[in-house]
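Colleague: Anchor point for the sequence shown: position 19 equals 19 in UniProt numbering, and the numbering is continuous, going up by one each time.
Positions of the beta carbon are idealized from the N, C-alpha and C atoms, including for glycine.
I have a structure I would like to understand better, so I am pasting it below and will then ask my questions one at a time.
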Amino acid sequence: MACEMSLLEKAEKITPLIHEARDASERERRMSSSVLTAFHDAKLFRMMIPQDVGGLQVDPITSTRVVETIAAADGAAGWCLMIGMTYGMWGSRLHQDVARSIYGTSEAVVAGAVRPVGRVRKVDGGFIADGRWSFGSGISHSTWLLGGCTVYESDAPKKSETGEVETRLIFFPTREGEIIDTWDTGGLRGTGSHDYAVKELFVPAERTIPFHAPSRLDDPLYRMPQLALLDTAMAAVPLGIARTAIDTFVDLAGTKKSHAFASAPTQRSTIQADVGRAEAILQAARAWLYGSLEETWNDVQKGREISMRQATMLRLSRANALTASTQAVDLMYSAAAGTAIYSKSPLDRCFRDVHVAAQHVALHPSNYETCGRILLGVEGLPERRGP
């Protein structure tokens, strides 16, 4: 608990700095240098990096709460932290010496996309990689990149004896890739989630791993499903955004003068109901997400396997966190009326950010259909193969 409070306190102390920098971050479409330095000083990017290569190896409940706290200050900053933090988990899958070369410095940050859209072919000592990936969140401040790749052999995807296509993650210094300026979006602009590409890049074999490579460490954190760690931390971002939307509107309602109504916003029953509904929606979703995560984490710590139903509930709680957060933000945006539409309004930023977050496959409403099929006994739970 002491570790959790220490990290949360550090995150909370950074929030005024994030508030000051978020306009510049939106304009420049990248995390500001001052916030990046603060993250490094607080070691927030190192929460999921193994201890044996200099990381903190923090439990997922703590790290998810830290992401939520940062996201409440700025959704883009929370998103960048979520990506950089969770990508530290790959250090448990790489050989210790290789992991240390990637994660060993205090300013190490890994970015990239795990979806296997790149191609690799095997050569002596490693692989030759070609590919272009989208959504490289935090790439501008990264030191290393990863990329999901399909292994090719004789111009065709290589398959195992069971017929599965072989995929691997490759790791390479950011300077060896080409950053392609593509991130011109309405929300989460400060994430700088540009495309990136490599052409005929040699990657040593030790800097590649199968997508489902086992952890070299017998630790509960690395026994958690890999993308469950990423996706649950991701769900904390819209929760933080929605928290700010509600708090912003409540503060605004106390001072706002309406030209359309005789009474103040705080005295109107419709406004009162909207605030109450938004708060209820958010609190219920937050409780389910953390409750489901805690249940899963407790079982993993005890060495129990995660059941299909448990995995389904955790996935549903993540999708619901996004749905509820979007509803809460929309309620506050509508209640604020004309005040919310200006670019300087925090509610405008919340609205844009949460709706961009809603497009990510890990949190998208399509997850309801997938989980519904499981609950109806139609099929097993497929694991997401990448953002």
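Based on the DSSP output, what are the partners of L201 in its beta bridges?
Modeller: For L201, which the question treats as bridged, DSSP gives the partners A129.
Colleague: Using DSSP with H/G/I as helix, E/B as strand and the rest coil, what is L289?
Modeller: Helix.
Colleague: Identify whether V300 lies in helix, strand or coil by the three-state DSSP scheme.
Modeller: V300: helix per DSSP, three-state reduction.
Colleague: Quick check on DSSP: helix, strand or coil for L376?
Modeller: Three-state DSSP puts L376 in coil, outside helix and strand.
Colleague: Nearest to S9 by CA position, among V66, A284, F172, A311, is which residue?
Modeller: Before going on, a small fix: residue 9 reads as Glu here, not Ser. Cα-wise, what sits closest to E9 is V66.
Colleague: Just the Cα atoms here: how many angstroms apart are Q283 and A324?
Modeller: Whole-angstrom Cα-Cα distance: 9 Å.
Colleague: Under 6 Å Cβ to Cβ from R243, same chain only, skipping five residues before and after it: list those, please.
Modeller: Answer for R243: A72, listed in chain order.
Colleague: Do L217 and T174 come within 8 Å of each other at the CB atom, strictly closer than that value?
Modeller: No, they are not a contact pair.
Colleague: In three-state terms, what does DSSP make of residue 467?
Modeller: Residue coverage of the chain in this structure runs from 1 to 387, which leaves residue 467 outside it and unanswerable.
Colleague: Where do the N-terminal and C-terminal ends of the beta strand (DSSP E) with E147 fall, by residue?
Modeller: It is Gly, not Glu, that sits at residue 147 in the sequence shown. Per DSSP, G147 belongs to the beta strand (DSSP E) from 144-153.
Colleague: What three-state label does DSSP hand H194 in the structure shown?
Modeller: H194 falls in the strand class under three-state DSSP.
Colleague: For M313, which option in W288, L17, G126 has the closest C-alpha, if you only look at C-alpha atoms?
Modeller: Comparing Cα-Cα distances from M313 to each of W288, L17, G126, the minimum goes to W288.
Colleague: For the segment 298-309 and the segment 204-214, state whether three or more C-beta atom pairs, one from each stretch, are separated by less than 8 Å.
Modeller: The answer is no - the segment 204-214 does not touch the segment 298-309, with fewer than three Cβ pairs under 8 Å.
Colleague: Name the DSSP bridge partner or partners of G112?
Modeller: L146.
Colleague: Under three-state DSSP, which class holds K10?
Modeller: The answer is helix: DSSP assigns K10 an H, G or I state.
Colleague: Thinking C-beta only, is M31 closer than 8 Å to C80?
Modeller: Against a cut-off of 8 Å, the Cβ pair of M31 and C80 comes out as a contact.
Colleague: The alpha helix (DSSP H) with E68 in it runs from where to where?
Modeller: Where E68 is concerned, the enclosing alpha helix (DSSP H) stretches over 60-73.
Colleague: Going by other Cβ atoms of all chains shown within 10 Å of its Cβ, with 16 needed for buried, is residue 397 buried or exposed?
Modeller: Absent from the structure is residue 397, since the part of the chain shown begins at 1 and ends at 387.
Colleague: Is A358 helix, strand or coil when you go by DSSP?
Modeller: The answer is coil: DSSP assigns A358 none of H, G, I, E or B.
Colleague: Which same chain residues, not among the five before or five after I281, have their C-beta less than 6 Å away from its C-beta?
Modeller: Taken in chain order, the residues that qualify are A324, Q327, A328.
Colleague: A357 and L347: beta carbons closer than 8 Å?
Modeller: For A357 and L347, no; Cβs fall outside 8 Å.
Colleague: Let me make sure I understand the geometry here. Which of Q226, W183, S154, A273 has the alpha-carbon closest to that of S140?
Modeller: Measuring from the Cα of S140, the nearest candidate turns out to be W183.
Colleague: What residues in its chain sit with their C-beta under 8 Å from that of Q51, if we drop five residues either side in the sequence?
Modeller: Q57, listed in sequence order.
Colleague: Any chance the CB of T208 is under 7 Å from a heavy atom of the ligand NAP?
Modeller: Although the ligand NAP was asked about, the structure shown includes no ligands whatsoever.
Colleague: By DSSP's criteria, G118 is part of a beta bridge. Which residues make up the other side?
Modeller: Answer is C149.
Colleague: Verify whether the separation of the beta carbon atoms of I18 and D97 is less than 8 Å.
Modeller: It is not a contact, given that the beta carbons lie outside the stated cut-off.
Colleague: In whole angstroms, what separates the C-alpha of G254 from that of P265?
Modeller: Cα to Cα, G254 sits roughly 7 Å from P265.
Colleague: Quick one: complete beta strand (DSSP E) runs, 3+ long, within the segment 326-350?
Modeller: You should have found no qualifying run.
Colleague: I need the straight-line Cα distance from A285 to L188, nearest angstrom please.
Modeller: Between A285 and L188, the C-alpha separation is close to 22 Å.
Colleague: By the three-class DSSP mapping on this structure, what secondary structure does I241 have?
Modeller: Looking at I241 - three-state DSSP - the assignment turns out to be helix.
Colleague: Taking the alpha carbon of residue 389 as the point to measure from, which residue in L201, D23, V165 has its own alpha carbon closest?
Modeller: Any question about residue 389 goes unanswered here, given that the chain covers just 1 to 387.
Colleague: Within 8 Å, do at least three Cβ pairs link the segment 365-375 to the segment 265-278?
Modeller: As far as the Cβ criterion goes, the segment 265-278 does not touch the segment 365-375, which means the pair count is below three.
Colleague: What are the start and end residues of the beta strand (DSSP E) that includes T105?
Modeller: Careful: T105 lies outside any beta strand (DSSP E) and carries neither H nor E.
Colleague: Buried or exposed for E305, please, with buried defined as at least 16 other CB atoms from any protein chain shown within 10 angstroms of its CB.
Modeller: Exposed, since its Cβ has fewer than 16 Cβ neighbours within 10 Å.
Colleague: Tell me which same chain residues have a C-beta within less than 7 Å of the C-beta of T64, skipping the five on either side of it?
Modeller: Within the same chain, T64 has close Cβ partners T232, A233, A236, L293.
Colleague: Starting from T37, trace the alpha helix (DSSP H) in both directions and tell me its first and last residue.
Modeller: Looking at the DSSP string, the run of the alpha helix (DSSP H) that includes T37 is 33-42.
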